[in-house]
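Read through the structure below, which is laid out as structure tokens, and then see the notes.
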Amino acid sequence: MADEQRQPAAEVVFERVTKRYPGRSEPAVNELSLTVPAGEICMLVGPSGGGKTTALKLVNRLIDFDEGDIRIGDQSVRSLDPVELRRRIGYVIQQVGLFPHLTIAGNIGTVPRLLGWPKERIAERVSELLELVGLEAEYSGRYPAQLSGGQRQRVGLARAMAADPLVMLMDEPFGALDPITRDRLQNEFLRLHRQVRKTVLFVTHDIDEAIKMGDRIAILREGGVLAQYDTPDAILANPVDEFVARFVGADRGLKRLALRRVSDLELIAGPAAHPGDDAAPALAALDSFGFDTLVLLDDAGRPCGLLSRSALNGGRISAAGARPVDSVVEESASLRDALSTMLSQAGSHMTVVDGDGRYRGLVSADLISQELART
Amino acid sequence: MNTFVFADSGGVVIPNFGGGGENSCVRRNPAFCWDWFSSHWGTVFRPALFQHLTLTLIAVGIGMVISIAFALVAHRYRWIEPPFVAFSAFLYTIPSLALFQLLVPITGLSRLTVEIALVSYTLLILFRNTMTGLGEVPEEVREAARGMGLTPWQVLWKVELPLAVPAIIAGMRIATVTVISLATVAAIVVNEGLGAPIFAALQTSFNTEFIAAGVLAIALALIADGLLLGVQHLVTPWARSRRTV
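Going down the list, the sequences are from chains A and B.
For the first sequence, my numbering assigns the number 30 to the initial residue and increments by one for each residue that follows.
For the second sequence, my numbering assigns the number 966 to the initial residue and increments by one for each residue that follows.
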């Protein structure tokens, strides 16, 4: 997808931004300062009344701020005509807001048409985007009323990205979807974001969504004050105050587990051997670890059985007395899933394999809790 | 014994009994005489029908321009809506005969008088429906449009107005049927339209002319209504494509 028009992502900087609505004593956004590095996803979360949607709309000037400045790249949003500015910023809202009278292709091509792109280039871009958001080409001629909620939001995403914006603003884009569709769209958006690095400001009230999607999370409290701005892991590990701790939830330890993968751990190099190997070195290895179970590997290096110390009496290792490998976890699994599997099994250790099923080592509950304590 | 007097586009005609004698259809005066109708189609009814159509088209056309223009302005400047509604509702309540009576001293026994009256009856319906159509555009659609960088004018022209088309056409259908019906009364001002043969027939006891003109007016209304419905389907393909699962 070499497109000469592709723009680099731009940093978004809030500098002591304040917005007051007339007739209200408290500001909606109060001296908000934060920097979203280019290409990162920044999640804006907080209770209702925290000003997160207001903060988002200040960026494309659907709402104008009173004090401070917002810069995209090195350009103040105030230095541009709002209409010009908005055409360079992707905007996705919860209710999607597709134009009912335009086809899917017509909807996606809206901003390119405003920018005066030639017809062929718009058509090309539309089919490229449909593919990117996982919709078949046949959808291009349909009307929004003919689509499901999830499909509509895919179109909403495609439409927001049509003119290759510098920044994407997303206001609870998946909030109205059922949990399964939401999860799928979240994953697809993350995949898409790895492909097309845009700076994304993403409003949600769902802390789990924020932890899952965000490179960084900005937690706003009532009155539009920034409570904490950091990576999801850092916020979960060290909430700055009671408010943030309560907001991220008492189960924040478990939530952190969801952020780590088994491959992040230094796995225990548990003893393993192939059938036919000498038993003596295997016994020595078991002794040095204080283990009494040996992992048996097949020719491809995949675990094929577990052998107790008592079965290792002969000169050569035999698969005869082996029991099946009961708990295996892939190294790409989250620690949360690994721990959950471990809790449902009797053993203290679990066998870790790579994507091809080859043996990588062992993981234990202790190892996981040490990892959390370490950082 | 010619007791029947008929109005024609050329003025007053004595019906031709066509040598039919005592048993001619006209003399027997049943509900409808096909022969008489077909022999007078070219001289009486076709011209009257076209005049009627012209009166209607002009009235609805001008009514649309005025109403939609005011609705677009009122959509932006809300304060315009109440006085315009009050004014057009006031016009709507004036009995048509009284309105002609009021206008004749000013604009005379002319087409202009007729059109002013007819247009004034379309305003309330067309304005109201256009306002409703513009108002029913979902807020999120409007917000998405603004957020994507459409100017206020583009939001109105490319989003709100197209989405208001079904409501506008619904208003046009009511207005058109109303005007077709009212335009028959216009014959007391100008000797035009399907009202002319009806008025003429009222002065006699000859059924055919009266019934033919009435039926033509009804048919015209039904056809116009059907055509507008067809137009709506053609120009709003999005409104009929609901999800089919």
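Every residue gets a Cβ at the ideal spot worked out from N, C-alpha and C, and that includes glycine.
This structure is a prediction, so every number in the text was calculated from the model and none was measured.
Identified DSSP bridge partners for residue i
{"i": "G359/A", "result": "The residue you asked about is not Gly; residue 359/A is Glu in the sequence shown. Note: E359/A sits in a beta bridge opposite V382/A."}
{"i": "D293/A", "result": "None, per the DSSP bridge assignment."}
{"i": "C998/B", "result": "Its beta-bridge partners do not exist; DSSP assigns none."}
{"i": "Y388/A", "result": "V382/A"}
{"i": "I122/A", "result": "D200/A"}
{"i": "A301/A", "result": "V324/A"}
{"i": "V1120/B", "result": "Answer by DSSP bridge pairing: none, since V1120/B is not bridged."}
{"i": "K48/A", "result": "V58/A"}
{"i": "Q257/A", "result": "I248/A"}
{"i": "P332/A", "result": "L326/A"}
Rounded straight-line distance, which links the Cα of residue j to that of residue i
{"i": "G278/A", "j": "L249/A", "result": "15 Å"}
{"i": "L61/A", "j": "T47/A", "result": "7 Å"}
{"i": "R226/A", "j": "V1050/B", "result": "53 Å"}
{"i": "V977/B", "j": "T1095/B", "result": "Legend: pLDDT at V977/B = 41, less than 50; position of this residue unreliable, value from coordinates given subsequently. Looking at the two C-alpha atoms, the distance is approximately 44 Å."}
{"i": "L341/A", "j": "A313/A", "result": "11 Å"}
{"i": "R90/A", "j": "G376/A", "result": "57 Å"}
{"i": "M197/A", "j": "L85/A", "result": "10 Å"}
{"i": "L294/A", "j": "F276/A", "result": "28 Å"}
{"i": "A1178/B", "j": "P1162/B", "result": "6 Å"}
{"i": "G138/A", "j": "S398/A", "result": "50 Å"}
{"i": "V392/A", "j": "G68/A", "result": "34 Å"}
{"i": "R150/A", "j": "P194/A", "result": "16 Å"}
{"i": "V1142/B", "j": "V1130/B", "result": "18 Å"}
{"i": "R100/A", "j": "F218/A", "result": "25 Å"}
{"i": "M371/A", "j": "S177/A", "result": "38 Å"}
{"i": "M72/A", "j": "I122/A", "result": "14 Å"}
{"i": "A1013/B", "j": "Q1066/B", "result": "23 Å"}
{"i": "V125/A", "j": "D103/A", "result": "30 Å"}
{"i": "E1125/B", "j": "R1107/B", "result": "8 Å"}
{"i": "R49/A", "j": "A1034/B", "result": "36 Å"}
{"i": "L315/A", "j": "D355/A", "result": "19 Å"}
{"i": "F1015/B", "j": "L1199/B", "result": "26 Å"}
{"i": "V41/A", "j": "S169/A", "result": "33 Å"}
Contact with chain A by residue i, beta-carbon distance below 9 Å
{"i": "V1196/B", "result": "no"}
{"i": "V991/B", "result": "no"}
{"i": "E1157/B", "result": "no"}
{"i": "E1105/B", "result": "yes"}
{"i": "L1128/B", "result": "yes"}
Other residues of its chain near residue i: CB distance less than 8 Å, five sequence neighbours each side excluded
{"i": "V1038/B", "result": "I1045"}
{"i": "I1145/B", "result": "H1017, T1021, A1182, L1185, A1186, A1189"}
{"i": "I346/A", "result": "A302, H303, P304, G305, D306, D307, A308, A311, L323, L325, L336"}
{"i": "L164/A", "result": "I133, Q180, R183, V184, A187"}
{"i": "L265/A", "result": "I240, V277, R281, G282, K284, R285, L288"}
Minimum Cβ-Cβ distance from residue i to chain B less than 9 Å
{"i": "T228/A", "result": "no"}
{"i": "R150/A", "result": "no"}
{"i": "E113/A", "result": "yes"}
{"i": "N59/A", "result": "no"}
{"i": "F239/A", "result": "For the record, residue 239/A in the displayed sequence is Ala; it is not Phe. Chain B, which has no Cβ nearer than 9 Å to the Cβ of A239/A, makes this no."}
{"i": "L401/A", "result": "no"}
{"i": "D32/A", "result": "With a pLDDT of only 46 at D32/A, under 50, the local geometry of the prediction cannot be trusted, and the value read off the model is given with reservation. No, D32/A does not count as interfacial toward chain B."}
{"i": "A39/A", "result": "no"}
{"i": "R188/A", "result": "yes"}
{"i": "T132/A", "result": "yes"}
{"i": "L198/A", "result": "yes"}
{"i": "G386/A", "result": "no"}
{"i": "G299/A", "result": "no"}
Interface partners of residue i on chain A, CB under 7 Å
{"i": "V1124/B", "result": "F128"}
{"i": "M1137/B", "result": "Under the 7 Å cutoff, chain A gives no residues; its nearest Cβ is about 18 Å from M1137/B."}
Where residue i meets chain A, residues with beta-carbon distance less than 8 Å
{"i": "E1108/B", "result": "L91, I122, G126"}
{"i": "L1067/B", "result": "Simply none; closest approach about 42 Å."}
Proximal chain B residues relative to residue i, where beta-carbon distance stays under 8 Å
{"i": "L143/A", "result": "M1113, G1114, L1115, Q1119"}
{"i": "R116/A", "result": "M1113, G1114"}
Cutoff 9 Å: residue i Cβ touching any chain E Cβ
{"i": "R49/A", "result": "You won't find chain E in this structure, because its protein chains are A and B."}
Chain A contact residues for residue i, given Cβ-Cβ distances below 9 Å
{"i": "L1056/B", "result": "Under the 9 Å cutoff, chain A gives no residues; its nearest Cβ is about 32 Å from L1056/B."}
Under 9 Å by beta carbon: chain B residues contacting residue i
{"i": "V162/A", "result": "Those within 9 Å of V162/A in chain B number zero; the least Cβ separation is about 16 Å."}
Own chain residues within Cβ distance below 7 Å of residue i, not counting five before or after
{"i": "D1000/B", "result": "C990"}
{"i": "L144/A", "result": "R116, A192"}
{"i": "A1082/B", "result": "S1061, L1064, F1065, L1068"}
{"i": "A1140/B", "result": "V1025, G1028, T1087, I1090, L1091"}
Under 7 Å by beta carbon: chain B residues contacting residue i
{"i": "V140/A", "result": "M1113, G1114"}
Contacts around residue i, its chain only, beta-carbon distance under 6 Å, and the 5 residues preceding and following it disregarded
{"i": "S1084/B", "result": "Per the sequence shown, residue 1084/B should be read as Val rather than Ser. So the list reads A1024, I1027, G1028, once near-sequence residues are dropped."}
{"i": "A1166/B", "result": "E1174, F1175"}
{"i": "F1164/B", "result": "A1152"}
{"i": "E360/A", "result": "V291, S292, V381, D383, R389"}
{"i": "H1040/B", "result": "L1099"}
{"i": "Y210/A", "result": "Going by the sequence as given, residue 210/A is Thr instead of Tyr. Within the same chain, T210/A has close Cβ partners G179."}
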